[in-house]
Amino acid sequence: MYDFTDTNNNGSSKTILPSEAMSFNGVFLENIIPGYRTLNVVGRELAATEIQSYQLGIRDGMRQVYSRIPERELIVKYKIDAPTNEDFRDRFNRLNVALFSEKDVEIWFNDEPEMLWSGSKSDVDNVPEGVNHAVGTFTVSLSDPYKYTRSDATSVTWGSKVITFQSNYLMGNTGSGAANMPILIEGGAYWGSTMITFQNRSYLMGDDGKESKPIEIYPTVEGLKVKPEIFLKGTGRGVWIKTRNDTIDLGDFDNAEILIDTQKFYITKNGQPMIRPMNDFYIYPNEPLYIQAKDSDFALTIRYPNRFL
């Protein structure tokens, strides 16, 4: 629990934001609406899990089919004070304008500025009549139940931006992938190859080419699995990118810039749509991303924010 800020202390003209003050669509409501204060926010802690099950004959219990995280709701409790009836009405007019959006907007909180949510104002409760001060609540609906870190592989807050094979690509704890990492594959990093060259070093991949494996890359994923944006620049032959059973088949490309947006399910080559096999693709915590290819020479960048509930 947080200690509430004393909303009756008007000794300073500078707005002191409460711990749980909410930035909605790029602005704190306290900074644009005189007399407005956030008191508390409910719904930011544990997220519910929706479980789908079915009964199997006459057996006890149920058989689980799947589980998912449903949409979430945040309930914001606030206070508005005004010296006159006119000011009171004007401040609610401003609040209505500030909270209206035709689509989900960026949301973050004063006590957790590194985490970004996305949502829209939905329900409100009734405000007492005949007074110039009121305590009320409104609901923010989160169609996407997750919150995301601001940083990604190209904007880490600490650690080196130079990624090496030996350092296992550990770049910090705010979302780290790979930034312009050179991939040089001679002969092939796939079942059947004998050696790869990686960062100007050679690594044996198997026994006479019979048990060779793809390249393994370990991006730093904290929290939950993430959908990355992957960028390749150069030349590739028979390029596959894999995690678990998630695969992206890029095939062959020459002196090209390939952009893979796994969140929006599209691939472009030199800015034009590229139709290639691709399923629901994630990078998982503590698990590698594999690159399988024949003779290839390209730079690889992986971007993503870490994802939490």
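To convert, note that position 300 of the sequence shown is 300 in UniProt numbering; the numbers rise steadily by one, no gaps. Glycine is no exception: its CB is placed at the ideal position from the N, C-alpha and C atoms.
**Study point:** Spatial neighbours of P228 in its chain, beta-carbon cut-off 7 Å, leaving aside the 5 residues before and after
**Key:** G177, T262, I283, I302, R303, Y304
Practice item. Below 8 Å CB to CB, which residues in the same chain sit around N255 once its five sequence neighbours on both sides are set aside? Key: G234, T235
Review point. Hey, S67 and E45: beta-carbon distance below 8 Å or not?
Key: no
Exercise for review: Using beta-carbon positions only, say whether N306 and V226 come within less than 8 Å of one another.
Suggested key: yes
Point to revise | Cutoff 6 Å; reference G223; Cβ partners in own chain excluding five residues on either side | key: N306, R307, F308
Check your understanding: What residue range is occupied by the uninterrupted alpha helix (DSSP H) comprising E86?
Key -> 85 to 99
Review point. Leaving out the 5 sequence neighbours to the left and right, which residues in its chain are closer than 7 Å to N10 when beta-carbon positions are compared?
Key: Since pLDDT at N10 reaches only 44, below the 50 mark, its modelled position is unreliable, and the value read off the structure follows with that caveat. Cβ within range, chain order: n/a, list empty.
Practice item. Taking I302 as part of the beta strand (DSSP E), name the residues at either end of that continuous run. Key: 296 to 303
Practice item. Quick one: using the 10 Å Cβ neighbour count with 16 as the cut-off for buried, is I275 buried or exposed? Key: exposed
**Study point:** For F24 and I107, the rounded distance between their alpha carbons
**Key:** 5 Å
Check your understanding: Can the beta-carbon of E137 be found closer than 8 Å to that of I75?
Key -> The sequence as given places Thr at residue 137; Glu does not occur at that position. In contact: T137 and I75 (Cβ atoms closer than 8 Å).
Check your understanding: Between I291, T268, D280, Y78, which lies nearest to P219 when the distance is taken from Cα to Cα?
Key -> I291
Practice item. Taking F138 as part of the beta strand (DSSP E), name the residues at either end of that continuous run. Key: 133 to 142
Review point. Per DSSP, I260 forms a beta bridge with which residues?
Key: I230, I267
Review point. CB G35 to CB A82, shorter than 8 Å?
Key: yes
Check your understanding: What is the rounded straight-line gap between the Cα of F265 and the Cα of M278?
Key -> 8 Å
Point to revise | S118 versus G57: straight-line alpha-carbon distance, rounded | key: 42 Å
Check your understanding: By the 10 Å Cβ neighbour count, where 16 or more other Cβ atoms means buried, how is T243 classified, buried or exposed?
Key -> buried
Review point. Would you report the Cα separation of R72 and D295, rounded to the nearest angstrom?
Key: 47 Å
Exercise for review: Grab the span of the beta strand (DSSP E) containing residue 373 for me, first residue to last.
Suggested key: Because the chain is modelled from 1 through 309, residue 373 falls outside the range shown and cannot be assessed.
Exercise for review: Go to I54, then tell me how far its beta strand (DSSP E) extends in each direction, as first and last residue.
Suggested key: Residue identity check: residue 54 is Tyr in the sequence provided, not Ile. Where Y54 is concerned, the enclosing beta strand (DSSP E) stretches over 50 to 54.
Exercise for review: Work out the CA separation of P288 and P18 for me, nearest whole Å.
Suggested key: 41 Å
Check your understanding: What does a CB cutoff of less than 8 Å around G130 pick up in its chain, not counting 5 residues either side in sequence?
Key -> none
Review point. If you follow the beta strand (DSSP E) that R72 is part of, which residue opens it and which one closes it?
Key: 72 to 81
Review point. Helix or strand or just coil, what does DSSP make of E112?
Key: strand
Exercise for review: Sort G26, E30, N40, L29 by Cα distance to E20 and report the nearest one.
Suggested key: N40
Exercise for review: Would you mind stating whether M115 and T149 have Cβ atoms separated by less than 8 Å?
Suggested key: yes
Review point. Between E30 and the rest of its own chain, which residues show a CB-CB distance below 6 Å, the 5 nearest in sequence each way excluded?
Key: T15, L17, A21, Y36
Check your understanding: Excluding the five sequence neighbours on either side, which residues of its own chain have a C-beta within less than 7 Å of the C-beta of T268, listed in chain order?
Key -> L259, M274
Point to revise | Where the beta strand (DSSP E) containing V65 begins and where it ends | key: 63 to 68
Practice item. Whole angstroms is fine: what's the gap from V124's alpha carbon to R94's? Key: 15 Å
Check your understanding: My guess is that Q55 and V65 are in contact by the Cβ rule of under 8 Å, so how many angstroms apart are they, rounded?
Key -> No, Q55 and V65 are not in contact; Cβ-Cβ is about 11 Å, not under 8 Å.
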